[in-house]
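Colleague:
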Amino acid sequence: MSHIRSRFSKPADELVVRYTTSLPFDWRLYQEDIKCSTAHARMLGKQSIISAGDSQSIINGLSDILTEIETGSFVFKPEMEDIHMAIEGRLFELIGEAAGRLHTARSRNDQVATDVHLFVKNTCTSTINKIRTLQGALLKQAEAHQQTALPGYTHLQVAQPVLLSHHLLAYFEMLERDCGRFTDAKKRSDVMPLGSGALAGVPYPLDRKMVAEELGFTAISQNSLDAVSERDFVLEYLSDAAICQMHLSRLSEEMVIWSSAEYAFVELDDAYTTGSSIMPQKKNPDVAELCRGKTGRVYGSLNTMLTVMKGLPLSYNRDLQEDKEPLFECADTLGDSLEVFAGMIKTATFKPERMLRALEKGYVLATDIADYLVGKGESFRSSHGIVARLVSYAISQNKTFGELSLEEYRQFSNLFGNDIYAVDIKSALNARNLTGGTAPKQIAQAIARAKKILAEAGVKN
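Numbering (full-length UniProt numbering), first residue to last: 1 to 461.
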């Protein structure tokens, strides 16, 4: 019987053991747990809370356990309810009673909280790195398509001409905000709860700063009740992940639409598409579709954790065991989505000629023609109405703006002159020459800015 059940007269029901165990999923925290226990043991020895000999025996034993786990020789015993007890149980087998001194001045409450803080902190770092890789792929494509124009859309209806590089850099900006959010989340996870005990602190002369420095934390928790029971840092990571995955889902939607035969704006590489079990001709954008679908998993992780936390009184409650599965699943899903998307964007082939053909439909220069009339002295509202009627007429005649005669233009306003034919895609793009606009000069500056961002982040592009 586990020492935890020493107060009870009989062992836990077998179903209860299976129901309450977390070892099948929290084994993933073995590195964090061993790292935290090693730092704790070293500090206990330095503070003479345990002997130097016991401290070193514990440290050596933990090192051996880490090797066993990473080489696959460690036996995960089902009777051990979590990774923390599994490691401690093996430590007893390796070094004997000295293992019992490791848990001096520590509770599983602050132990687990510290492990999860480390996991989230490290996950924020890896997530940012993966975002940077995807940004690099988007930037490469943007550089290659500084002269490629396509329709910009609102309501998925043709609106105004933009450069493909401008469109791709829009996602760069979204991901840049994601990096900022994960950087902030990392700050909130960079706080060490160890030393808080079960809830009230511990009656030992701990050197918490020593442990924090060894573990790489820049701060220690200031309230033991809060430290063992808060999971704000997990919620913040999950919230940031949900926003980031939403951005990927939007890009997924566009890749699905753009790769369709009706659009054919992009061809996805064979390595990132699949076929059909019945239709030989199919090249399906399954990777993009799955990324879009997996967004629900990430949202679910956030909602799960919010629900877990919503009714918990201070301080620790066993409900908090339910923080790990949504955290792990979210980290895996977002991490994989970012990696697969970077490869898909890097290998995608965009189709400038198809985009140009799409520009010839939909009257994308309507706003520019209205602006032309404004330049001639007409108010914009009046110009808007004139061009709206002009569009209706052109549609009825099955003509593009370029195919209308000057006489036809002048049926709607005498302000139209021969210079109306100078209003074209190139002039429309060049006219948006202000910060954030789609003009080629602005895109060149935006690309330079994006390069600087990645360079400062240490990303080679």
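From the three backbone atoms N, C-alpha and C, an ideal C-beta is built for every residue, glycine too.
Leaving out five residues before and five after E32 in sequence, what residues of the same chain have Cβ atoms less than 7 Å from its Cβ?
Modeller: D115, L118 and F119
Colleague: Answer with buried or exposed for L164, where buried requires no fewer than 16 other C-beta atoms within 10 angstroms of its C-beta.
Modeller: buried
Colleague: From which residue to which residue does the alpha helix (DSSP H) around L251 run?
Modeller: D232 to W258
Colleague: Take A227 as the anchor and find which of G201, S277 and I59 has the nearest alpha-carbon.
Modeller: G201
Colleague: Mind checking who V266 pairs with in its DSSP beta bridge?
Modeller: F350
Colleague: If I follow the unbroken beta strand (DSSP E) through V202, where does it start and stop?
Modeller: From DSSP, V202 is part of no beta strand (DSSP E); its letter is neither H nor E.
Colleague: Please name the residue, chosen from R42, N418 and L454, that lies closest to E213 on a Cα-to-Cα basis.
Modeller: R42
Colleague: Using 8 Å for Cβ pairs, my map puts A271 next to A137. What's the rounded Cβ distance?
Modeller: Rounded, the Cβ-Cβ distance is 14 Å, inconsistent with contact.
Colleague: Cα separation between T438 and S252?
Modeller: 22 Å
Colleague: Secondary structure at Y153, three-state DSSP: helix, strand or coil?
Modeller: strand
Colleague: Consider the Cβ of E325: report whether some Cβ of chain D lies at a distance smaller than 8 Å.
Modeller: No chain D is present in this structure, which holds just one protein chain.
Colleague: Which residues does DSSP list as the beta-bridge partners of V191?
Modeller: The bridge partners DSSP lists for V191 are A219.
Colleague: Between the alpha carbons of V75 and L66, how many angstroms are there, rounded?
Modeller: The alpha-carbon separation between V75 and L66 amounts to approximately 12 Å.
Colleague: With a CB to CB cut of under 8 Å and the five nearest residues on each side skipped, what residues in its chain are close to F328?
Modeller: F25 and R28
Colleague: For the structure I just gave you, are there three or more beta carbon pairs, one from the stretch 365-375 and one from the stretch 289-297, closer than 8 Å?
Modeller: They do not touch, by the three-pair rule.
Colleague: Which residue's Cα is closest to the Cα of S259: I453, M85, R432 and T273?
Modeller: T273
Colleague: Below 8 Å between beta carbons: does that hold for I453 and E143?
Modeller: no
Colleague: Residues in its own chain within less than 8 Å of G377 by CB, not counting five upstream and five downstream?
Modeller: L415
Colleague: Determine the contact status of residue 506 and C330, defining contact as a CB-CB distance below 8 Å.
Modeller: Because the chain in this structure spans residues 1 to 461, residue 506 falls outside the shown range and cannot be described.
Colleague: Run through the DSSP bridge pairs and tell me what T274 is partnered with.
Modeller: N284
Colleague: Run through DSSP, which three-state label would A439 get?
Modeller: Assigned with DSSP and collapsed to three states, A439 falls in coil, not helix or strand.
Colleague: With a CB to CB cut of under 7 Å and the five nearest residues on each side skipped, what residues in its chain are close to E236?
Modeller: A185 and R188
Colleague: Assuming contact is defined by CB atoms lying nearer than 8 Å, are V211 and A52 in contact in what I supplied?
Modeller: no
Colleague: Spatial neighbours of V308 within its chain, please: C-beta separation below 6 Å, excluding the five flanking residues on both sides.
Modeller: Counting only Cβ-Cβ distances below 6 Å, and skipping sequence neighbours, we find D319 and E322.
Colleague: With three or more beta-carbon pairs closer than 8 Å as the criterion, would you say the stretch 426-445 touches the stretch 146-165?
Modeller: yes
Colleague: By Cβ distance below 7 Å, which residues in the same chain neighbour M1 in space, the five residues on each side in sequence not counted?
Modeller: A caution first: M1 carries a pLDDT of 46, below 50, which makes its placement in the model too unreliable to give a value.
Colleague: Where does the unbroken alpha helix (DSSP H) through G136 begin, and where does it stop?
Modeller: R108 to A144
Colleague: Tell me which same chain residues have a C-beta within less than 6 Å of the C-beta of G61, skipping the five on either side of it?
Modeller: Spatial neighbours of G61 in its own chain (CB-CB distance under 6 Å, excluding positions within 5 residues in sequence) are listed in chain order as L91, L94 and I95.
Colleague: I need the straight-line Cα distance from S382 to E360, nearest angstrom please.
Modeller: The alpha-carbon atoms of S382 and E360 are separated by roughly 25 Å.
Colleague: Compare the beta carbon distance of I58 and A98 with 8 Å and say whether it is the shorter of the two.
Modeller: Contact flag set, yes.
Colleague: Assign P313 to one of three DSSP states: helix, strand, or coil.
Modeller: Shown here, P313 sits in coil according to DSSP, grouped into three states, outside any helix or strand.
Colleague: Since D192 and L215 are thought to touch, with beta carbons under 8 Å apart, how far apart are those beta carbons, to the nearest angstrom?
Modeller: The displayed chain sequence assigns Met, not Asp, to residue 192. Indeed, because the Cβ distance is near 6 Å, the residues count as touching under 8 Å.
Colleague: Between F265, K35, T435 and A358, which has its C-alpha nearest residue 499's C-alpha?
Modeller: The requested residue 499 does not occur in the structure, where the chain is confined to residues 1 to 461.
Colleague: Using CA coordinates, which residue listed in V298, G311, T349 and K346 is at the minimum distance from T325?
Modeller: The question names Thr, yet the displayed sequence has Glu at residue 325. Checking every option, the nearest Cα to that of E325 belongs to V298.
Colleague: Please go through the same chain and pick out, in chain order, the residues whose beta-carbon is closer than 6 Å to the beta-carbon of V17, but skip the five residues on each side of it.
Modeller: none
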